[in-house]
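J.: Counted from 1, the sequence shown has number 161 at position 161 by UniProt numbering; the numbering is strictly sequential.
For every residue, glycine included, the Cβ atom is placed at its ideal position computed from N, Cα and C.
None of these values were measured; they are calculated from a predicted model.
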Amino acid sequence: MSPLCGNSSHRLADTKISEQNIHRSRPPDNSQTGVPEWRAKYIQDLCQAIDDSDWNTRRYPPTIRAAPPQGEASNICHKSTTETVMLSLLSAGHRTATSTLARLCVGIVSALALTWLPMRHAHAQRHYEMIIPIAAGGSLDLMARAVSLAFSQQTGESVTPLNKVGAGTLLATRSVAQSTATDGRTLLFTGLPYTTLQYKKGGPAFDESRFKPVIYVGWQPTVLFIRSSIPANDMKSFLAWAKARPEGVTFASSGIGSSPHIAAEQFADMTGIKIVHVPMGGSSAFVPALAGGHVDAVFDAPATRTMVKEGYLKALMIGSDTPLADWKELPTSDQAGLPGFRSGTWYGVLVPAGTPDTTVSKLNTELNKSLTSQVVQSRAREFGITLSGGAPQAFNDLLKSEHERIGALVKTRGIVIP
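#1: Assuming contact is defined by CB atoms lying nearer than 8 Å, are serine 258 and histidine 277 in contact in what I supplied?
#2: Which value, in whole angstroms, describes the spacing of the CA atoms of serine 229 and glycine 337?
#3: So what does DSSP say about glycine 184, is it helix, strand or coil?
#4: What are the boundary residues of the alpha helix (DSSP H) that includes threonine 173?
#5: Spatial neighbours of serine 175 within its chain, please: CB distance less than 8 Å, with the 5 preceding and 5 following residues excluded, ordered by chain position.
#6: By alpha-carbon positions, which one of Ala146, Val295 and Leu324 ends up nearest to glutamine 374?
#7: Which class does methionine 317 belong to by DSSP, given the choice of helix, strand or coil?
#8: Where valine 349 and alanine 244 are concerned, what is the direct C-alpha to C-alpha distance, given to the nearest angstrom?
#9: Measure from the alpha carbon of glycine 281 to the alpha carbon of each residue in Ile275, Lys274, Ile273 and Leu290, then state which is nearest.
#10: Taking the alpha-carbon positions, what's the alanine 172 to tyrosine 194 distance?
#11: Please list the terminal residues of the continuous beta strand (DSSP E) segment that includes tryptophan 219.
#12: Would you give the residue range spanned by the beta strand (DSSP E) that tyrosine 194 belongs to?
#13: Would arginine 381 and aspartate 326 qualify as a contact pair, given that the criterion is a beta-carbon distance under 8 Å?
#14: Going by C-alpha distance, which of Tyr128, Leu188, Ala285 and Leu313 is nearest proline 352?
#15: Cα-Cα, which of Lys309, Gln335, Gly311 and Thr306 is closest to glycine 319?
#16: Indicate whether isoleucine 385 and methionine 235 have their beta-carbon atoms separated by less than 8 Å.
#17: Roughly how many angstroms separate the alpha carbons of glutamate 129 and valine 360, rounded to a whole number?
#18: Bridge partners for glycine 344 per DSSP, in chain order?
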């Protein structure tokens, strides 16, 4: 064993200080330190080998070399954390000259501890991310948050709703399509624009084969709202007014290819009126514009009903053959004289294509349970959403039918989605 620094009284004082530091700072037993026994033994043996080597004796005089801990202190690598190693090796007794041995041992312990920490959490599961392709506040966003909350309560897992806005809904959609995650913890909550993006000018905006459907959440029909100053209170009088305007009727939307835009094009195709499309920034922009008389009409979610109650807008029909439960006086499209007209958006959840089918099945089961929760049911009633659920195949079938519908409309109306 190499010589010790200082005289005998100093060595005893150093040993006593080390033992006191160990006793104060270490956990009750080695099982709570989180340091594997084999790693601790390796550190102790390495420190001992360095201390015993004649290289250390030749390079540094004994008078500046630290005393190795004795007694209780000799178990430091087995029973203490990295912080305790530092306390014991750099104790008050070595203030005048801290040895290279001490610094080297601390460096070894720290480095090995740092390499071990990621291993300790290597198998920790990621929290769920629910990617939302629009800004916060819209019905899609609020529905996604309700489903996320219900899913979290159902499973006990953390779910983070994350709004990714850009290029319409394309930024968020591509981010999930290009994700290499296969653990089922990156989910996309989306709607109709997912389908319309396949008909962009120049080809599909993303490879749809990069996704797997998980669950069809539900369908939200849209209502035809018009500005209150238009001299019409039903569909017949509105169409008469619209056809007498050679310049066309201005229809607002949240963007080209959005649900309000597709509905307006459908309406024009079925009724024969001329429309002028006015893309805007969503409900927060086009509802005030409509109330202020800057545009003539819009297809929007039933939640805009509050503006009708206050006299700012008129509602002519809902694009569905089923009346709204809490707005039964609003005519359906069939009752309004447009049988077969359907407008609205679907909501659903998808995951990257690399996700195993067993994981998709588990997600589907939990999400189906989430749709029965009070928070989701309440949101659905508020927005006039008819909840669906079911197996992933049911969602896949819906996507196929939506492709056929949108594809035909884009071709017939000459819609260009940039």
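T.: In short:
#1: Looking up residue 258 in the sequence shown gives position 258. Looking up residue 277 in the sequence shown gives position 277. It is not a contact, given that the beta carbons lie outside the stated cut-off.
#2: Counting from one through the sequence shown, the residue named residue 229 turns up at place 229. Counting from one through the sequence shown, the residue named residue 337 turns up at place 337. Going from the Cα of serine 229 to the Cα of glycine 337 covers about 22 Å.
#3: Reading the sequence shown from its first residue, position 184 is the one you call residue 184. DSSP places glycine 184 in coil when its eight states are reduced to three.
#4: As a position in the sequence shown, residue 173 is number 173, starting the count at 1. Taken as a continuous stretch (DSSP letters only), the alpha helix (DSSP H) holding threonine 173 covers 170-177.
#5: Here residue 175 refers to the residue found at position 175 of the sequence shown. Closer than 8 Å at the Cβ level, and outside the excluded window around serine 175, lie Ile131 and Lys164.
#6: Locating residue 374 in the sequence shown gives position 374, counting from the first residue. Of the listed residues, the one whose Cα sits closest to glutamine 374 is Ala146.
#7: Along the sequence shown, read from residue 1 onward, the residue named residue 317 stands at position 317. Secondary structure at methionine 317: strand, using DSSP grouped into helix, strand and coil.
#8: Residue numbering aside, residue 349 sits at position 349 when the sequence shown is read from its first letter. Residue numbering aside, residue 244 sits at position 244 when the sequence shown is read from its first letter. Pairing valine 349 with alanine 244, the inter-Cα distance amounts to about 43 Å.
#9: For the purposes of this step, residue 281 is identified with residue 281 of the sequence shown, where counting begins at 1. Comparing Cα positions, the closest option is Leu290.
#10: Position 172 of the sequence shown holds residue 172. Position 194 of the sequence shown holds residue 194. When rounded, the distance between both Cα atoms is 10 Å.
#11: The residue labelled residue 219 in the question sits at position 219 within the sequence shown. 211-221 is the extent of the beta strand (DSSP E) around tryptophan 219.
#12: In the sequence shown, counting from the first residue as 1, residue 194 sits at position 194. Here tyrosine 194 belongs to no beta strand (DSSP E); instead the alpha helix (DSSP H) covers 193-196.
#13: Taking the sequence shown and counting its residues from 1, the one referred to as residue 381 is at position 381. Taking the sequence shown and counting its residues from 1, the one referred to as residue 326 is at position 326. Yes, the pair counts as a contact, with Cβ atoms nearer than the cut-off.
#14: Counting from 1 along the sequence shown, the entry for residue 352 is found at position 352. When the alpha-carbon of proline 352 is set against those of Tyr128, Leu188, Ala285 and Leu313, the nearest one is in Leu188.
#15: For the purposes of this step, residue 319 is taken as the residue at position 319 of the sequence shown. Cα-wise, what sits closest to glycine 319 is Gln335.
#16: Here residue 385 is taken as the residue at index 385 of the sequence shown, counted from 1. Here residue 235 is taken as the residue at index 235 of the sequence shown, counted from 1. Against a cut-off of 8 Å, the Cβ pair of methionine 235 and isoleucine 385 comes out as no contact.
#17: Residue 129 sits at position 129 when you count from the first residue of the sequence shown. Residue 360 sits at position 360 when you count from the first residue of the sequence shown. Whole-angstrom Cα-Cα distance: 15 Å.
#18: In the sequence shown, the residue the question calls residue 344 occupies position 344. Partner(s): Pro221.
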